């Protein structure tokens, strides 16, 4: 294979990976409205949540994940 083609594919692959990384970082948080001037900001990566009210950002309590519950599906 031609060295130029291998080099070009390598550069394009690296650029694609870097672009995807920055895309993931810029879309990490989302804000959902809660009415009457309040909102919640959620970190999609960690699940941490903040309560937004009047210019304040209040960290919500992080609860541990509940243990898996086994459901008896017998009828």
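Residue numbers (this note's numbering): 144 to 218. Yeah, the Cβ is synthetic: ideal placement off N, Cα and C, and Gly gets one too. As the structure is a prediction and not an experimental result, all values here were calculated from the model.
- Counting along the chain, residue 199 sits inside no alpha helix (DSSP H); it lies in the beta strand (DSSP E) bounded by residues 199-202.
- Non-local C-beta neighbours of residue 177 in its own chain, meaning closer than 7 angstroms and more than five positions away in sequence, comprise 183, ordered along the chain.
- Of the candidates 203, 199 and 179, 203 places its Cα closest to the Cα of residue 186.
- In the structure shown, residue 157 adopts helical secondary structure according to DSSP, grouped into three states.
- Close CB contacts of residue 181 within its chain, under the 6 angstroms cut and outside five residues either way in sequence, are with 196 (chain order).
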